[in-house]
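Under the working numbering, the residue at position 139 of the sequence shown is numbered 127, and the numbers go up by one with no gaps. To start, the structure under review is shown below, and the notes come after it.
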Amino acid sequence: MVIKKLFMNNKAVSPVIGVILMVAITVILAAAIGSSVFGQGTAESAPQANLDIESAGISSEIAYAKFEHLGGDPINFAASATRVVASVNGATSQELDVTDNEDLTTPLTTLAVGEVQKIELMTSSGNLKDNSEGATATGIASGDIVNIKVIDIKTNQLICDRDIRF
(Lines of atoms letter the chains of each structure in order from A and count residues from 1; the text may use other names and numbers.)
(Lines give C-alpha, C1' and ligand atoms only; values in the text may rest on other atoms or scores of the structure.)
Protein backbone atom coordinates (compact mmCIF):
# COMPACT_ATOMS: atom_id res chain seq x y z
CA MET A 1 0.00 0.00 0.00
CA VAL A 2 2.85 2.37 0.69
CA ILE A 3 4.16 1.89 -2.83
CA LYS A 4 0.74 2.71 -4.24
CA LYS A 5 0.70 6.03 -2.30
CA LEU A 6 4.16 6.85 -3.66
CA PHE A 7 2.96 6.75 -7.26
CA MET A 8 -0.29 8.54 -6.49
CA ASN A 9 1.34 11.59 -4.79
CA ASN A 10 0.82 14.63 -7.12
CA LYS A 11 1.99 17.40 -4.76
CA ALA A 12 5.31 18.07 -6.59
CA VAL A 13 3.80 18.32 -10.09
CA SER A 14 2.36 21.83 -9.70
CA PRO A 15 5.64 23.61 -8.69
CA VAL A 16 7.62 21.90 -11.48
CA ILE A 17 5.10 22.88 -14.14
CA GLY A 18 5.04 26.44 -12.76
CA VAL A 19 8.83 26.75 -13.01
CA ILE A 20 8.84 25.37 -16.55
CA LEU A 21 6.11 27.83 -17.60
CA MET A 22 7.97 30.79 -16.03
CA VAL A 23 11.20 29.84 -17.85
CA ALA A 24 9.30 29.45 -21.14
CA ILE A 25 7.61 32.86 -20.74
CA THR A 26 10.97 34.49 -19.92
CA VAL A 27 12.62 32.97 -23.00
CA ILE A 28 9.74 34.04 -25.26
CA LEU A 29 9.81 37.61 -23.91
CA ALA A 30 13.60 37.82 -24.29
CA ALA A 31 13.34 36.59 -27.89
CA ALA A 32 10.59 39.09 -28.73
CA ILE A 33 12.49 42.02 -27.24
CA GLY A 34 15.76 40.94 -28.85
CA SER A 35 14.23 40.58 -32.30
CA SER A 36 12.57 43.99 -32.11
CA VAL A 37 15.73 45.75 -30.89
CA PHE A 38 18.27 44.03 -33.13
CA GLY A 39 15.94 43.69 -36.10
CA GLN A 40 15.87 47.42 -36.82
CA GLY A 41 18.13 48.64 -39.61
CA THR A 42 20.69 51.35 -39.11
CA ALA A 43 19.28 54.85 -39.09
CA GLU A 44 20.30 56.98 -42.05
CA SER A 45 22.02 60.24 -41.32
CA ALA A 46 22.33 63.44 -43.27
CA PRO A 47 25.68 64.32 -44.82
CA GLN A 48 27.94 65.87 -42.21
CA ALA A 49 29.62 68.94 -43.63
CA ASN A 50 31.03 72.25 -42.49
CA LEU A 51 29.71 74.91 -44.86
CA ASP A 52 30.56 78.60 -44.70
CA ILE A 53 27.97 80.86 -46.30
CA GLU A 54 28.76 84.55 -46.73
CA SER A 55 27.32 87.53 -48.55
CA ALA A 56 28.80 87.99 -52.02
CA GLY A 57 27.09 91.32 -52.67
CA ILE A 58 24.00 92.71 -54.38
CA SER A 59 23.75 93.59 -58.06
CA SER A 60 20.57 94.88 -59.76
CA GLU A 61 18.41 93.79 -56.79
CA ILE A 62 19.80 90.24 -57.05
CA ALA A 63 21.65 89.08 -53.96
CA TYR A 64 24.54 86.64 -54.16
CA ALA A 65 25.89 84.26 -51.54
CA LYS A 66 29.19 82.43 -51.46
CA PHE A 67 29.04 78.78 -50.39
CA GLU A 68 32.38 77.33 -49.26
CA HIS A 69 32.78 73.67 -48.26
CA LEU A 70 35.28 73.56 -45.38
CA GLY A 71 35.17 69.83 -44.63
CA GLY A 72 33.08 66.70 -44.32
CA ASP A 73 30.88 64.83 -46.79
CA PRO A 74 30.20 66.20 -50.28
CA ILE A 75 26.79 67.89 -50.54
CA ASN A 76 24.56 66.93 -53.47
CA PHE A 77 22.46 69.99 -54.36
CA ALA A 78 20.14 68.15 -56.76
CA ALA A 79 16.48 69.00 -56.14
CA SER A 80 15.76 65.42 -55.06
CA ALA A 81 18.57 65.35 -52.47
CA THR A 82 18.86 68.77 -50.82
CA ARG A 83 16.62 71.78 -50.19
CA VAL A 84 17.99 75.26 -49.64
CA VAL A 85 15.56 77.65 -47.96
CA ALA A 86 16.06 81.28 -47.02
CA SER A 87 14.18 83.95 -45.13
CA VAL A 88 14.82 87.68 -45.22
CA ASN A 89 14.68 89.57 -41.91
CA GLY A 90 12.87 86.70 -40.15
CA ALA A 91 9.99 86.51 -42.64
CA THR A 92 8.51 83.33 -44.12
CA SER A 93 11.08 80.94 -45.60
CA GLN A 94 11.28 80.59 -49.37
CA GLU A 95 12.90 77.70 -51.24
CA LEU A 96 15.89 78.73 -53.34
CA ASP A 97 16.70 77.34 -56.77
CA VAL A 98 20.49 76.94 -56.42
CA THR A 99 21.00 74.58 -59.37
CA ASP A 100 19.70 76.94 -62.07
CA ASN A 101 21.51 80.26 -61.75
CA GLU A 102 22.18 82.47 -64.77
CA ASP A 103 25.60 83.56 -63.48
CA LEU A 104 26.89 80.01 -63.01
CA THR A 105 29.07 78.71 -65.80
CA THR A 106 28.36 75.20 -64.52
CA PRO A 107 25.26 74.32 -62.49
CA LEU A 108 25.73 73.64 -58.78
CA THR A 109 25.25 69.89 -58.44
CA THR A 110 27.75 68.70 -55.85
CA LEU A 111 29.90 70.77 -53.51
CA ALA A 112 32.99 68.92 -52.30
CA VAL A 113 35.64 69.86 -49.73
CA GLY A 114 37.57 72.98 -50.71
CA GLU A 115 35.12 74.10 -53.39
CA VAL A 116 33.64 77.60 -53.40
CA GLN A 117 30.51 78.51 -55.35
CA LYS A 118 28.78 81.89 -55.78
CA ILE A 119 25.01 81.54 -56.22
CA GLU A 120 22.11 83.87 -56.90
CA LEU A 121 19.50 83.95 -54.17
CA MET A 122 16.62 83.16 -56.52
CA THR A 123 13.31 81.40 -55.93
CA SER A 124 11.28 79.67 -58.62
CA SER A 125 9.24 82.88 -58.97
CA GLY A 126 12.18 85.32 -59.12
CA ASN A 127 14.41 87.23 -56.73
CA LEU A 128 14.44 86.39 -53.04
CA LYS A 129 12.47 89.15 -51.30
CA ASP A 130 11.50 90.25 -47.84
CA ASN A 131 7.91 88.97 -47.74
CA SER A 132 7.16 90.25 -44.25
CA GLU A 133 4.25 92.60 -43.63
CA GLY A 134 5.07 96.19 -44.54
CA ALA A 135 8.23 95.34 -46.53
CA THR A 136 8.86 96.78 -49.97
CA ALA A 137 8.42 94.51 -52.98
CA THR A 138 12.02 94.92 -54.12
CA GLY A 139 14.78 92.39 -53.61
CA ILE A 140 17.30 92.23 -50.80
CA ALA A 141 18.75 95.58 -49.71
CA SER A 142 21.88 96.55 -47.85
CA GLY A 143 21.49 95.80 -44.14
CA ASP A 144 19.04 92.91 -44.62
CA ILE A 145 19.73 89.69 -42.73
CA VAL A 146 19.14 86.50 -44.68
CA ASN A 147 18.90 83.15 -42.90
CA ILE A 148 19.92 80.27 -45.18
CA LYS A 149 19.26 76.64 -44.30
CA VAL A 150 20.53 73.60 -46.20
CA ILE A 151 18.30 70.57 -45.52
CA ASP A 152 18.84 66.93 -46.50
CA ILE A 153 15.56 65.72 -48.06
CA LYS A 154 16.05 62.00 -47.39
CA THR A 155 16.43 62.38 -43.62
CA ASN A 156 14.84 65.85 -43.25
CA GLN A 157 17.86 66.87 -41.17
CA LEU A 158 19.59 70.22 -41.15
CA ILE A 159 23.04 70.29 -42.77
CA CYS A 160 23.75 74.01 -42.32
CA ASP A 161 22.00 77.06 -40.82
CA ARG A 162 23.62 80.48 -41.30
CA ASP A 163 22.60 84.13 -40.94
CA ILE A 164 24.29 86.50 -43.38
CA ARG A 165 24.07 90.28 -43.50
CA PHE A 166 24.01 92.16 -46.79
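For every residue, glycine included, the Cβ atom is placed at its ideal position computed from N, Cα and C.
Using 10 angstroms around the beta-carbon of residue i, count the other beta-carbons present and answer buried if the total reaches 16, otherwise exposed.
i    : result
I136 : buried
S68  : exposed
A234 : With the chain covering only -11 through 154, there is no way to say anything about residue 234.
L9   : exposed
F65  : buried
S75  : buried
V11  : exposed
Please tell me whether residue i and residue j are closer than 7 Å, where the distance is taken between their beta carbons.
i    : j    : result
V138 : I147 : yes
G60  : A34  : no
I107 : A53  : yes
E32  : T143 : yes
F154 : I41  : no
Quick one: what's got a C-beta closer than 7 Å to residue i's C-beta in the same chain, skipping five residues either side?
i    : result
R71  : E83, I139 and I141
Q105 : F55, L96 and L99
If you drop the 5 nearest sequence neighbours on each side, which residues of the same chain put their C-beta closer than 6 Å to that of residue i?
i    : result
D151 : I133 and N135
L58  : N38 and D40
Going by DSSP, what residue range makes up the beta strand (DSSP E) through residue i?
i    : result
A100 : That residue, A100, is in no beta strand (DSSP E); it is neither H nor E in DSSP.
I128 : Counting along the chain, I128 falls outside any beta strand (DSSP E), and DSSP gives it neither H nor E.
V86  : V86 -> no beta strand (DSSP E), and no H or E assigned at all.
Report the residue from the options whose alpha carbon sits nearest the alpha carbon of residue i.
i    : options                   : result
P62  : G131, D149, G102 and I128 : G102
A129 : Q145, V25, N77 and A19    : N77
G131 : L109, D85, S43 and V86    : S43
E49  : I5, Q145 and L109         : L109
Report whether the distance from the Cβ of residue i to the nearest heavy atom of the ligand FMN is below 6 Å.
i    : result
F154 : Ligands displayed in this structure: none; no statement on the ligand FMN is therefore possible.
Could you name the residues of the same chain whose beta carbon sits closer than 8 Å to that of residue i, not counting the 5 residues immediately before and after it, in chain order?
i   : result
T14 : none
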